[in-house]
Amino acid sequence: MIDNLKKYWFVVVICLIFVVFIGVFAKKEMDSVLRGKTADGQDVVSQINDTNYLVNDYYEDLKETYGKVDLYTLFERSVLSAIETSEEIATQAKKDAETFKQNVAAQEGQSGLDKYDKALVGLGYKGIDELNVLYEDSAKRDIIIRDYANDNKEKYVDTYFADAKPRIVSHILVKMDDPENPTATQQEKIDEINKRLADGVSFTDVAKALSDDTASAKQDGLVGFMDKNAQMYAQFVEAALKLEQGEVSEWINTKEAGRHLIKVDSIDLETFTSDQYLANYIAGITAHHKDLASHAIWNKAKDLKIEFKDDDVKNQILEVMNIKEGE
700 MIDNLKKYWF
710 VVVICLIFVV
720 FIGVFAKKEM
730 DSVLRGKTAD
740 GQDVVSQIND
750 TNYLVNDYYE
760 DLKETYGKVD
770 LYTLFERSVL
780 SAIETSEEIA
790 TQAKKDAETF
800 KQNVAAQEGQ
810 SGLDKYDKAL
820 VGLGYKGIDE
830 LNVLYEDSAK
840 RDIIIRDYAN
850 DNKEKYVDTY
860 FADAKPRIVS
870 HILVKMDDPE
880 NPTATQQEKI
890 DEINKRLADG
900 VSFTDVAKAL
910 SDDTASAKQD
920 GLVGFMDKNA
930 QMYAQFVEAA
940 LKLEQGEVSE
950 WINTKEAGRH
960 LIKVDSIDLE
970 TFTSDQYLAN
980 YIAGITAHHK
990 DLASHAIWNK
1000 AKDLKIEFKD
1010 DDVKNQILEV
1020 MNIKEGE
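Take 700 as the starting number for the sequence shown in this note's numbering and just add one per residue.
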C-alpha cells in the first residue's frame, strides 16, 4: 500500500482531503482511480488485482508517510491546481520554463537538469518536465495573495506602504574605487551627466548612454522593485527611501560601487501589481507580513468550498499555517 501511495501521492491527497475535486484530479493525475465505485460504504481509490484500495486506507498511509509541512505543501499545491490556468499564464510559464532549462543545460549540463528534476519531485511535481506547472502555480499564488491583500488593504497594503516604503527605482552609476576622490576622468563623466540632465535630456536616455551599470543601462537605468528590506547597498537604500515619485537624488557614494544618481519611478500600487513587478511586490509584502500568504491560501480554499474528510489532517495543516479554526 505504501508503494502505491508514493506513486500516486497527489491523487491520494485529492481523494482524501478535497472531496469536491476528486473526479477532476483523478482524471488528470491517475487513470486508475475508480470514480463512483464504492465498497463497504467507502470510496474506492484504486483497484489492484481485484483488491480494492479504500479511502480509509489512504488516510492511514497519508499520516504515516507525510509530515505536517509536507501536508501543507500538498494542500497549497492542490488549492492552486483547482484554479483555472489562464492562457496568458500558461504561455508565459512555458516560455519561462524553457528558458530556465536552456540556461541550466548551458551552464551545468545534464547534472544540473537532474538536480532540478529531483528538487521538483520533492515539491510534488513530476520532475523538470513539469517546471512550467511550477511557474503556473507561482503566478496563481501571487494573484491569490494580491487579491487577498487588496481585500484587506488597511491591514496589509497600507501598513506595508507606510512601514517598508516600496518603490520602483532607476539609477545612473559612475564606477570608482574611491568615490570620495574621483579621478579626473571620473569627474568629467559626472560633469557630463549633470550637464545632460540640466539640459533636459531624460534620465532614461542619460542612463542608457552613460551609466557604468551596463545591465541596468540596457533597461534605461531600471533597477526595479525595492523596499526598506532590499538587499542593496545601505547608502543606496537610505537615499532611495527619502525620494518621492519622480524625484532624483544627489550623487550618492557607495564604497562597493562608486557614485549613483537615483530616481524613483513609481510608488504606485497599480504599478507594483502589474505583470512586470507583481512577483517582486508579493515577495516584499509577504516578507513584511508573515501571515499574509497562509491566510490568503486558506481563504481561497474556503472560497473553493474545500472539505476535509479527516480533522487530524486539517488540524495539522492549520498548525503549519498558524491559523486557528474559524479564521
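Backbone N, C-alpha and C fix where the C-beta goes; we use that ideal spot for every residue, glycine too. These numbers come from a predicted model, not from an experiment.
Backbone CA spacing between residue i and residue j [nearest angstrom]
i: VAL873; j: ILE1022; result: 49 angstroms
i: LEU822; j: LYS767; result: 14 angstroms
i: PHE902; j: GLN886; result: 19 angstroms
i: ASP890; j: ALA986; result: 40 angstroms
i: CYS714; j: TYR824; result: Bear in mind that a pLDDT of 32 at CYS714, under 50, signals an unreliable position, so the number given afterwards is only what the model happens to contain. CYS714 and TYR824: Cα-Cα distance of roughly 17 angstroms.
i: ALA939; j: TRP950; result: 11 angstroms
i: TYR752; j: LEU819; result: In this predicted model, TYR752 has a pLDDT of only 47, less than 50, meaning its place in the structure is not dependable; the value taken from the coordinates is given anyway. Between TYR752 and LEU819, the C-alpha separation is close to 27 angstroms.
i: LYS793; j: ASP877; result: 45 angstroms
i: LYS817; j: ASP904; result: 45 angstroms
i: GLU937; j: HIS959; result: 12 angstroms
i: ASP919; j: GLU879; result: 26 angstroms
i: THR784; j: SER993; result: 21 angstroms
i: PHE774; j: TYR847; result: 18 angstroms
i: HIS988; j: ILE1016; result: 19 angstroms
i: ASP857; j: GLU969; result: 13 angstroms
i: GLY826; j: LYS1008; result: 29 angstroms
i: PHE860; j: ASN851; result: 14 angstroms
i: GLY983; j: MET1020; result: 19 angstroms
i: ALA978; j: TYR834; result: 11 angstroms
i: GLU797; j: ASP990; result: 33 angstroms
i: ASP813; j: THR913; result: 33 angstroms
Cβ-based burial, residue i [other Cβ within 10 Å; buried from 16]
i: GLU1026; result: exposed
i: ALA1000; result: buried
i: ILE807; result: The residue you asked about is not Ile; residue 807 is Glu in the sequence shown. Exposed: under 16 other Cβ atoms inside 10 Å.
i: GLU787; result: exposed
i: ASN1014; result: exposed
i: THR972; result: buried
i: SER869; result: buried
i: ASN802; result: exposed
i: LYS962; result: buried
Start-to-end residues for the beta strand (DSSP E) that takes in residue i
i: THR858; result: Per DSSP, THR858 belongs to no beta strand (DSSP E); it is in the alpha helix (DSSP H), 856 to 863.
i: ASN952; result: 951 to 953
i: LEU773; result: Careful: LEU773 lies outside any beta strand (DSSP E), inside the alpha helix (DSSP H) at 767 to 780.
i: VAL868; result: 866 to 874
i: LYS917; result: Premise fails: LYS917 is in no beta strand (DSSP E) and is neither H nor E.
Span of the alpha helix (DSSP H), counted from its first residue to its last, around residue i
i: ASP1002; result: 991 to 1002
i: HIS987; result: 977 to 987
8 angstroms contact criterion, which residue i and residue j should meet: CB distance rounded
i: PHE924; j: TYR976; result: 5 angstroms
i: SER643; j: GLN944; result: The question about residue 643 has no answer here: the residues shown for the chain are numbered 700 through 1026.
i: ILE844; j: ILE1005; result: No, ILE844 and ILE1005 are not in contact; Cβ-Cβ is about 18 angstroms, not under 8 angstroms.
i: GLN934; j: ASN952; result: 7 angstroms
Next item on the list: For the region 771 to 784 and the region 838 to 847, state whether three or more C-beta atom pairs, one from each stretch, are separated by less than 8 angstroms.
Entry: yes
Margin query: Tell me whether the region 855 to 868 and the region 997 to 1013 touch, counting them as touching only if at least three CB pairs, one residue from each stretch, are closer than 8 angstroms.
Written below: no
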